[in-house]
Amino acid sequence: MNIKYRVRDVAKDLDRSTKEITEILTQYATAPKNPMQALETRELSLIFEYLTQHNQVESIESIFADVYHEPKPAQEAPKADAPKQAEAGAAPEAPKAESKPAAAPQQAQPAAKPQQPAAQRPASRVPEKRVVDTRKGGAVNLDKYDEKLERIASSKTKQMDAGREKFRNRGANQRRASSFGGNKRRQEELEKMRRLQLEIAKKAPVKVLIPDEIAVSELASRMKKTGAEVVKTLMKNGVMASMSDVIDFDTAAIIAEEMGCKVEKEVIVTIEEKLIDTAEDKEEDLVARAPVVVVMGHVDHGKTSLLDYIRNAHVTEGEAGGITQHIGAYQVEVGGKPITFLDTPGHEAFTAMRARGAMITDIAILVVAADDGIMPQTVESINHAKAAEIPVIVAINKMDKPEANPERIKQQLTEYELVPEEWGGETIICPISAKTGAGIDTLLEMVTLTAEMRELKANPARSAHGAVVEARLDKGRGPVATLLVQNGTLNQGDVIIAGTAVGRVRAMTTASGEKVEHAGPSVPVEIIGMAEVPSAGDDFHAVADERMARELADQRKHDQKMAAAGPQGKVTLEDLFSQIQQGEMKTLNIIVKADVQGSAEAVKQSLEKISNEEVRVKVIHSAVGAINESDVMLAATSGAIIVGFNVRPNENAKQNAARDHVDMRMYRVIYDAIEEIETAMKGMLAPKFKEVELGHAEVRSVFRITGVGMVAGCYVTDGRIQRGAQMRLLRDNIVIYDGAIASLQRFKDSVKEVAQGYECGITFEKWQDIKEGDVIEAFLMEQIEV
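This is the structure:
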């Protein structure tokens with residue numbers, strides 16, 4: 063229970079005025095708004111420290127003055143007792159303090175030795191028990207006294223019996239005399255008792271459970287008060303709220319306490335919180351773990367060759383058959399220290415896992431061919447690694463080739479903020495050859511060193527948690543999943559939940575084909591036993607209750623359906639200003655794709671210049687070419703907007719953008735892009751038109767007609783082509799012409815439109831550069847009511 067210790071209560075408990083406590087807080091912390099404000103632990107410590115320093119006691123003895131007192135000197139004791147001993151006619155026995163100090167503490171002489179305070183023993187405040195014999199002497203006839211006592215007791219018993227009989231007779235007479243009056247009095251007593259109980263119940267405070275947020279009407283119901291009373295109390299405290307409004311816990315607690323209720327925090331525990339252990343690890347339980355490394359780079363730059371060389375050179379020799387299977391991840395030993403490699407297709411799978419929230423990689427190795435240089439996929443890999451905020455180690459491959467030029471590669475890397483260490487930067491550069499193996503040992507040492515600098519740790523002594531690297535359905539074994547344990551230890555027989563899939567680990571296999579029963583942190587294993595195939599990138603947890611795990615999986619499936627049907631919270635230019643106002647948007651991520659490198663750089667620099675105090679515009683990726691699936695995936699993961707300059711998205715990119723609710727904006731004039739984003743940031747964007755796609759046609763042949771010009775013989779691949787519609791001419795998804803359809807022919811007839819699956823002839827206004835393979839995209843601009 064979270065107890066609110068308010069300024070008023072502190073002042074009352076410390077016997078101080080509220081003003082004095084307020085002045086202390088104003089001087090050393092923050093001035094409280096009112097006496098009802100709850101104080102934090104730091105503020106309470108300040109108050110107690112201040113009052114302690116300004117109210118010192120004179121001495122420690124003054125605190126215990128009423129408990130202990132100074133004993134009298136030992137030599138005065140015989141003088142005080144002498145008359146009594148003389149009167150009793152008995153001489154006191156000589157004290158033996160030296161031989162028996164423990165038996166006679168009263169004979170010690172603390173006053174004679176003040177320099178030894180430890181020898182003093184404070185006198186007890188409890189009086190000593192003493193027995194005084196008052197008999198003067200001679201024999202006492204006890205039998206005589208016993209006989210007298212027995213006679214007295216016998217007479218007393220007879221008197222008591224007579225009294226009881228008299229009382230019973232009188233009670234019976236009264237009951238007979240007033241049988242009807244007794245019932246009336248009994249009813250009156252019961253009614254009086256009932257009224258008393260009601261008054262006690264009214265005085266006892268009502269216990270109210272309040273969650274993090276609660277509606278005013280619900281609060282009134284729980285406090286057994288009317289809504290009008292609660293609203294009135296809220297207004298008195300400066301909160302203007304109606305019955306349907308929702309207030310937070312602190313406000314509700316103040317109102318409830320003011321209305322005489324006892325407040326307790328209502329803690330709602332979900333199935334996930336009950337089932338999954340999310341407790342923080344103690345520092346003493348953490349041990350070093352192996353780093354998880356992903357290899358990325360351009361196609362044919364040597365990613366696979368590098369991984370194959372590392373695997374073959376560093377996997378333990380002598381295993382039957384070597385690597386018996388490929389499970390998407392494996393471990394190697396380098397200098398006695400393990401390194402885990404994710405054998406993924408590159409940044410696409412890496413980003414797909416990030417999109418699902420699986421931050422499982424610690425280091426990225428960027429492979430660049432020494433004879434080829436930085437390529438488009440290399441740039442994408444750099445930007446994906448930066449978005450994941452993991453260190454990048456560059457491996458310049460193919461150093462065995464005579465045309466290798468590593469200095470040119472280093473120069474190109476600086477353009478993407480990867481400055482080599484020898485040039486004063488922080489990026490580790492390793493020249494290697496995956497063919498000969500030269501430099502690979504140095505590369506692995508750099509990986510180990512980078513891991514040591516990051517101090518990667520995990521707690522193996524807890525239930526396992528990690529991520530699904532990949533999963534598939536095997537005909538013979540059923541669902542098969544490759545798991546990477548990130549924390550804890552996974553054991554054979556454990557019940558695990560991964561996304562919406564639940565199962566029990568029936569068998570675990572390493573990349574070398576070895577069956578194991580336990581897998582610790584950073585260890586990849588392939589398991590069987592899941593009820594269904596999980597998704598790559600899903601988190602998995604080992605849990606104790608299988609029934610509750612299945613219940614959680616069903617709940618997650620339901621939540622996914624509801625999320626798919628409900629509104630999406632992705633970033634769009636339309637709602638950009640509202641997100642800025644709510645404080646949700648601090649950085650606007652943008653992906654720029656253009657037809658040429660010069661345009662891409664110009665758009666990037668122009669957009670980054672329009673940052674303001676409230677939001678920073680950051681271009682996280684800029685490249686040449688059509689908008690593809692990788693761009694959409696990065697935008698979905700990073701919450702970015704895609705800006706296309708003279709380019710169009712391919713079909714798969716369109717479908718993915720629609721599914722992931724990624725906002726794509728296409729421009730032909732750079733100032734239009736800048737102006738639109740600026741107005742969106744200022745909250746003035748009001749789109750008046752929207753583009754409605756009609757269809758696509760592919761140019762199958764081109765011929766010239768005298769007096770007409772170039773005519774494109776086309777086949778409508780989807781939708782329809784309409785005369786008078788706007789159109790774009792695309793060549794490799796790059797826009798080379800944007801205009802209107804001049805004429806539309808079916809054989810010799812002029813038609814208004816041509817549907818999918820039919821051929822047609824098309825001419826364009828003021829455009830003659832048409833080639834086979836070009837794609838015509840037809841669309842209309844519809845006005846939107848603002």
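Start counting at 1 in the sequence shown, then tack on 62, and there's your number in the numbering used here.
Even glycine gets a Cβ: it sits at the ideal position worked out from N, Cα and C.
Checklist entry - Any chance the segment 591-610 sits against the segment 546-566, with 3 or more Cβ pairs inside 8 Å? => result yes
Checklist entry - Cα separation between Lys716 and Leu756? => result 15 Å
Item to check | Cβ-based burial, Gly835 [other Cβ within 10 Å; buried from 16] | outcome: exposed
Checklist entry - Since Thr551 sits in a beta bridge, which residues does DSSP pair it with? => result Ser525
Checklist entry - Taking only runs of the beta strand (DSSP E) that begin and end inside the segment 439-501, which ones reach a length of at least 3 residues, in chain order? => result Secondary structure within the segment 439-501: the beta strand (DSSP E) runs of 3 or more consecutive residues, fully enclosed, are 454-459, 490-493 (chain order).
Checklist entry - Do Glu685 and Val441 have their C-beta atoms closer together than 8 Å? => result Per the sequence presented here, residue 685 reads as Ala, with Glu not at that position. Result yes, Cβ atoms of Ala685 and Val441 sit closer than 8 Å.
Checklist entry - Apart from the five residues just before and just after Ser805, which ones in its own chain have a Cβ nearer than 6 Å to its Cβ? => result Thr825
Checklist entry - Alpha carbon to alpha carbon, what distance is there between Ala431 and Pro400? => result Rounded to the nearest angstrom, the two C-alpha atoms are 27 Å apart.
Next on the checklist: Ignoring anything shorter than 4 residues, give me the alpha helix (DSSP H) runs that lie fully in the segment 714-757, in order along the chain.
Outcome noted: 732-744
Checklist entry - Grouping DSSP H, G and I as helix and E and B as strand, with all else coil, what is Asp693? => result Here DSSP, grouped into helix, strand and coil, assigns Asp693 to helix.
Checklist entry - What span of residues does the beta strand (DSSP E) with Thr562 cover, start to end? => result First-last for Thr562: undefined, no H or E at that position.
Next on the checklist: Cutting at 8 Å between CB atoms, please list the residues of its own chain near Glu815, excluding the five before and the five after it.
Outcome noted: Arg782, Ile783, Gln784, Arg785, Leu806
Item to check | Outcome for Leu535 when other beta-carbon atoms lying within 10 angstroms are tallied against a minimum of 16 | outcome: Residue environment analysis places Leu535 among the exposed positions, since fewer than 16 neighbouring C-beta atoms fall within 10 angstroms of its C-beta.
Next on the checklist: DSSP three-state label for Ser805, please.
Outcome noted: Strand.
Checklist entry - Residue range of the beta strand (DSSP E) that Arg78 falls in? => result Unbroken run through Arg78: none, as it is neither H nor E.
Checklist entry - Per DSSP, Gln393 is paired with what? => result Partner(s): Thr402.
Item to check | Cα-Cα separation between Gln667 and Val679, rounded to whole angstroms | outcome: 10 Å
Checklist entry - Rounded to whole angstroms, how far is the Cβ of Lys828 from the Cβ of Arg793, which I believe are closer than 8 Å? => result Not a contact, Cβ separation roughly 17 Å.
Item to check | Arg766 and Tyr777 closer than 8 Å at C-beta | outcome: Not in contact: Arg766 and Tyr777 (Cβ atoms no closer than 8 Å).
Next on the checklist: Cutting at 8 Å between CB atoms, please list the residues of its own chain near Glu379, excluding the five before and the five after it.
Outcome noted: Reliability of the predicted coordinates at Glu379 is poor, the pLDDT of 41 falling under 50, and the value obtained from them is presented with this limitation in mind. If we look at Glu379 and ignore the five residues flanking it on each side, it has no Cβ neighbours.
Item to check | Beta-carbon proximity check, Leu614 vs Ile559, cutoff 8 Å | outcome: yes
Next on the checklist: Counting beta carbon pairs with one atom in the segment 541-559 and one in the segment 577-593, are three or more of them shorter than 8 Å?
Outcome noted: Touching, yes.
Checklist entry - Name the DSSP beta bridge partners of Met358, please? => result Leu428
Checklist entry - With which residues is Asn651 paired in a DSSP beta bridge? => result Lys680
Next on the checklist: Less than 8 Å between the C-beta atoms of Thr423 and Val531, yes or no?
Outcome noted: no
Next on the checklist: What would DSSP say about Thr92, mapped onto helix, strand or coil?
Outcome noted: coil
Item to check | Extent of the continuous alpha helix (DSSP H) to which Gln784 belongs | outcome: Careful: Gln784 lies outside any alpha helix (DSSP H), inside the beta strand (DSSP E) at 771-784.
Checklist entry - Sorted by chain position, which residues of the same chain lie with C-beta nearer than 7 Å to Thr80's C-beta, five sequence neighbours on each side aside? => result Val69, Arg70, Ala73, Pro97
Next on the checklist: Taking the straight line between their C-alpha atoms, what separation do you get for Met285 and Ala303?
Outcome noted: Approximately 17 Å, taken between the alpha carbons.
Checklist entry - Is it right to say Asn299 is buried, meaning 16 or more other beta carbons lie within 10 angstroms of its own, or is it exposed? => result exposed
Next on the checklist: Among Cys822, Ile330, Ala314, whose alpha-carbon lies nearest the alpha-carbon of Cys323?
Outcome noted: Ala314
Next on the checklist: By alpha-carbon positions, which one of Lys66, Thr92, Asn117 ends up nearest to Arg78?
Outcome noted: Among Lys66, Thr92, Asn117, the Cα nearest to that of Arg78 belongs to Asn117.
Next on the checklist: Give me, in chain order, the residues of the same chain whose beta-carbon lies closer than 7 Å to that of Pro145; leave out the 5 immediate sequence neighbours on both sides.
Outcome noted: The predicted model places Pro145 with a pLDDT of 43, which falls under 50 and marks its position as unreliable, so this point remains unresolved.
Item to check | Coarse secondary structure for Tyr820, derived from DSSP in three states | outcome: coil
Checklist entry - Between the C-alpha atoms of Thr88 and Ala100, what's the straight-line distance to the nearest angstrom? => result 15 Å
Next on the checklist: Do Ile672 and Ile736 have their beta-carbon atoms positioned less than 8 Å apart in this structure?
Outcome noted: yes
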